[in-house]
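Using our numbering, you'd call the opening residue of the sequence shown number 31 and step up by one each time. Beta carbons: idealized from backbone N, C-alpha and C, even for Gly.
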Amino acid sequence: MHRVFRAWGWAGVLALVVSLTASVPASADSPSFSGRAAAIDGRVLGIPIVVSDTGPLESTGGAREASLLAASVPGILSLEVLHATTVGADDRSRAHASVADLVLTAGGHRISASLLTASATASCGPGGASTSGSSEVADLAIDGQTYQVTTEPNQRITLLDGSYVVINEQESSGSGNTRAMTVNALHVVLSGVADVVISSAHADITCPSQPPVTCRGNFVTGGGWIDGRDGRANFAVAGGAKNGGWWGHLQYDDHGGSGTTIKGTGVTLYSGDPTTTRRHIEGTAEMNGQTGYTYQVDVDDVAEPGKGMDTFAIKVYQGQPNGQQPSYETAEKLLRGGNIQLHCR
Numbered sequence: 031m032h033r034v035f036r037a038w039g040w041a042g043v044l045a046l047v048v049s050l051t052a053s054v055p056a057s058a059d060s061p062s063f064s065g066r067a068a069a070i071d072g073r074v075l076g077i078p079i080v081v082s083d084t085g086p087l088e089s090t091g092g093a094r095e096a097s098l099l100a101a102s103v104p105g106i107l108s109l110e111v112l113h114a115t116t117v118g119a120d121d122r123s124r125a126h127a128s129v130a131d132l133v134l135t136a137g138g139h140r141i142s143a144s145l146l147t148a149s150a151t152a153s154c155g156p157g158g159a160s161t162s163g164s165s166e167v168a169d170l171a172i173d174g175q176t177y178q179v180t181t182e183p184n185q186r187i188t189l190l191d192g193s194y195v196v197i198n199e200q201e202s203s204g205s206g207n208t209r210a211m212t213v214n215a216l217h218v219v220l221s222g223v224a225d226v227v228i229s230s231a232h233a234d235i236t237c238p239s240q241p242p243v244t245c246r247g248n249f250v251t252g253g254g255w256i257d258g259r260d261g262r263a264n265f266a267v268a269g270g271a272k273n274g275g276w277w278g279h280l281q282y283d284d285h286g287g288s289g290t291t292i293k294g295t296g297v298t299l300y301s302g303d304p305t306t307t308r309r310h311i312e313g314t315a316e317m318n319g320q321t322g323y324t325y326q327v328d329v330d331d332v333a334e335p336g337k338g339m340d341t342f343a344i345k346v347y348q349g350q351p352n353g354q355q356p357s358y359e360t361a362e363k364l365l366r367g368g369n370i371q372l373h374c375r
């Protein structure tokens with residue numbers, strides 16, 4: 031995919047910069063936005079645990095993000111490739127969260143899953159405000175028993191001691207021009223021990239009397255997994271421009287033989303033809319904990335949901351590319367789980 035972007039190079043960068051910096055100031059004809067996403071939010075043994083939380087989106091819109099390569103509470107909780115984003119602009123507010131390789135051990139229970147994602151959208155249209163939401167939970171196991179997860183919202187599993195787990199927890203509210211949606215991929219309530227939400231996304235919007243302009247897709251976010259160079263590879267990615275600078279993050283973990291991990295430390299370029307669904311992101315990175323690397327990521331938001339349709343590719347170089355071979359590379363791959371999402375400017 032990299033060569034596709036280089037075919038027109040800086041024209042794409044300039045087109046996006048013009049689009050991204052030509053925003054209209056908030057007015058009575060603009061929506062009021064709200065959004066928030068978090069990888070983990072709750073309490074375990076009385077200890078608050080909030081990880082990779084974007085914080086609240088401004089009412090005028092914008093974009094917020096948070097990510098981590100890994101997080102843990104020894105003996106209680108571990109998870110990898112944490113990702114949370116919320117974007118509000120033009121005619122909609124969106125939030126997305128994802129985590130990989132969750133293991134929660136508390137109150138005599140053990141809960142695990144290989145991927146948990148949540149997405150929430152609130153948008154304006156001719157008929158007023160509307161909402162939608164979805165989640166994905168892969169390889170869920172509770173106390174050694176595996177569970178087949180469907181797309182139905184609010185699936186509840188009650189355990190013998192009265193504890194329970196809610197899968198794809200969804201709550202919507204509002205009417206007319208104001209609506210809100212919250213999606214939690216997994217909500218775990220262990221009696222007297224824990225109340226934890228994993229992958230939480232919230233979006234709401236208050237629409238003006240006249241529908242605002244439609245989305246032009248000038249931020250991109252995503253999380254999920256692909257078949258990496260050496261095995262299953264989880265990723266979290268975001269890119270765009272904000273307040274006159276580049277914006278976003280990258281977290282990547284290849285679970286194969288090499289065990290390669292890549293942690294973005296800054297975005298240095300975001301490009302792509304705004305009339306297409308492809309985007310290109312470049313930045314600085316650490317690879318396997320060592321500094322001095324740069325990365326190039328190409329994504330394509332082909333369809334909703336993204337599993338089996340959207341694509342992700344990555345190249346990592348020691349220093350600048352300068353014609354050298356990548357230190358790590360995975361060619362364009364279909365997502366085996368998760369989603370790539372283009373957003374409004």
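Beta-carbon separation (whole angstroms), residue i vs residue j, contact threshold 8 Å
{"i": "L109", "j": "A96", "result": "Actually they are not in contact, since the Cβ atoms of L109 and A96 sit about 14 Å apart, beyond 8 Å."}
{"i": "L134", "j": "V167", "result": "Incorrect: roughly 13 Å between the Cβ atoms, too far for contact."}
{"i": "Q281", "j": "G294", "result": "7 Å"}
{"i": "D340", "j": "N369", "result": "6 Å"}
{"i": "A231", "j": "H126", "result": "6 Å"}
{"i": "G313", "j": "G296", "result": "5 Å"}
{"i": "Y323", "j": "K345", "result": "About 10 Å; that fails the 8 Å criterion."}
{"i": "P61", "j": "T236", "result": "6 Å"}
{"i": "E362", "j": "A343", "result": "4 Å"}
{"i": "G210", "j": "T161", "result": "Before going further, note that residue 210 is Ala rather than Gly in the sequence given. Rounded, the Cβ-Cβ distance is 7 Å, consistent with contact."}
{"i": "A67", "j": "V80", "result": "Not confirmed; about 12 Å, so no contact."}
{"i": "A266", "j": "L112", "result": "7 Å"}
{"i": "A150", "j": "V117", "result": "Between V117 and A150 the Cβ distance is about 11 Å, and since that is not below 8 Å, they are no contact."}
{"i": "S153", "j": "G253", "result": "21 Å between Cβ atoms; not a contact."}
{"i": "V196", "j": "Q178", "result": "Actually they are not in contact, since the Cβ atoms of V196 and Q178 sit about 16 Å apart, beyond 8 Å."}
{"i": "I228", "j": "L132", "result": "6 Å"}
{"i": "G137", "j": "S193", "result": "7 Å"}
{"i": "W277", "j": "T298", "result": "About 11 Å; that fails the 8 Å criterion."}
{"i": "D83", "j": "A130", "result": "The pair is not a contact, with the Cβ atoms about 17 Å apart (cut-off 8 Å)."}
Residue span of the beta strand (DSSP E) that contains residue i, given as start and end
{"i": "E201", "result": "194-205"}
{"i": "Q348", "result": "341-348"}
{"i": "T298", "result": "291-301"}
{"i": "E182", "result": "Premise fails: E182 is in no beta strand (DSSP E) and is neither H nor E."}
{"i": "Q326", "result": "320-330"}
{"i": "L189", "result": "Looking at the DSSP string, L189 is not in any beta strand (DSSP E), and its letter there is neither H nor E."}
{"i": "R366", "result": "It is not in any beta strand (DSSP E) - R366 carries neither H nor E in the DSSP assignment."}
{"i": "D283", "result": "275-284"}
{"i": "T314", "result": "308-317"}
{"i": "D169", "result": "It is not in any beta strand (DSSP E) - D169 carries neither H nor E in the DSSP assignment."}
{"i": "T212", "result": "208-220"}
{"i": "K376", "result": "Absent from the model: residue 376. The displayed extent of the chain is 31 to 375, so no value can be given."}
{"i": "S82", "result": "77-83"}
{"i": "A68", "result": "62-74"}
Per-residue burial, residue i [other beta carbons within 10 Å of its own, 16 or more giving buried]
{"i": "E395", "result": "The question about residue 395 has no answer, for the chain in this structure spans 31 to 375."}
{"i": "N9", "result": "The shown model of the chain, from 31 to 375, leaves out residue 9, and the question about it has no answer."}
{"i": "I437", "result": "Beyond the ends of the chain as shown, which are 31 and 375, falls residue 437; an answer cannot be given."}
{"i": "L190", "result": "exposed"}
{"i": "S165", "result": "buried"}
{"i": "S144", "result": "buried"}
{"i": "S57", "result": "The pLDDT assigned to S57 is 49, lower than 50, so where the model puts this residue is not dependable; a value taken from the coordinates is nonetheless given after this. Result: exposed."}
{"i": "D59", "result": "exposed"}
{"i": "L98", "result": "buried"}
{"i": "D71", "result": "buried"}
{"i": "Q371", "result": "buried"}
{"i": "L200", "result": "According to the sequence provided, residue 200 is Gln. The question's Leu does not apply to it. Buried is the call here."}
{"i": "R73", "result": "exposed"}
{"i": "T188", "result": "exposed"}
{"i": "R122", "result": "buried"}
{"i": "A52", "result": "Here A52 scores only 41 on pLDDT, less than 50, and its place in the model is too uncertain to base an answer on."}
{"i": "T251", "result": "buried"}
{"i": "S288", "result": "exposed"}
{"i": "S205", "result": "exposed"}
{"i": "T290", "result": "buried"}
{"i": "A75", "result": "For clarity, residue 75 is Leu in the given sequence; the question names Ala instead. Label assigned to L75: exposed."}
{"i": "R26", "result": "No answer is possible for residue 26: the residues shown for the chain start at 31 and end at 375."}
{"i": "S264", "result": "Checking the displayed sequence, the identity of residue 264 turns out to be Asn instead of Ser. With 16 or more Cβ atoms within 10 Å of its Cβ, N264 is classed as buried."}
{"i": "P55", "result": "Residue confidence is low: P55 scores 43 on pLDDT, short of 50, so the model does not pin down where it sits. Its coordinate-derived value is still stated next. Answer is exposed; the Cβ neighbour count stays below 16."}
{"i": "S239", "result": "exposed"}
{"i": "N248", "result": "buried"}
{"i": "G336", "result": "buried"}
{"i": "H373", "result": "buried"}
{"i": "D173", "result": "exposed"}
So does the stretch 278-292 actually touch the stretch 72-92, counting three or more Cβ pairs closer than 8 Å?
no
Using 8 Å as the Cβ pair cut-off and three pairs as the minimum, do the stretch 163-177 and the stretch 256-271 touch?
no
What are the start and end residues of each continuous beta strand (DSSP E) run of 3 or more residues lying completely inside the stretch 224-257, in chain order?
224-236, 249-257
For the pair the stretch 157-164 and the stretch 350-360, tell me if three or more CB-CB distances fall below 8 Å.
No, because fewer than three Cβ pairs between the stretch 157-164 and the stretch 350-360 fall closer than 8 Å, the two stretches do not touch.
What alpha helix (DSSP H) runs, 4 residues minimum, are completely inside the stretch 103-154?
none
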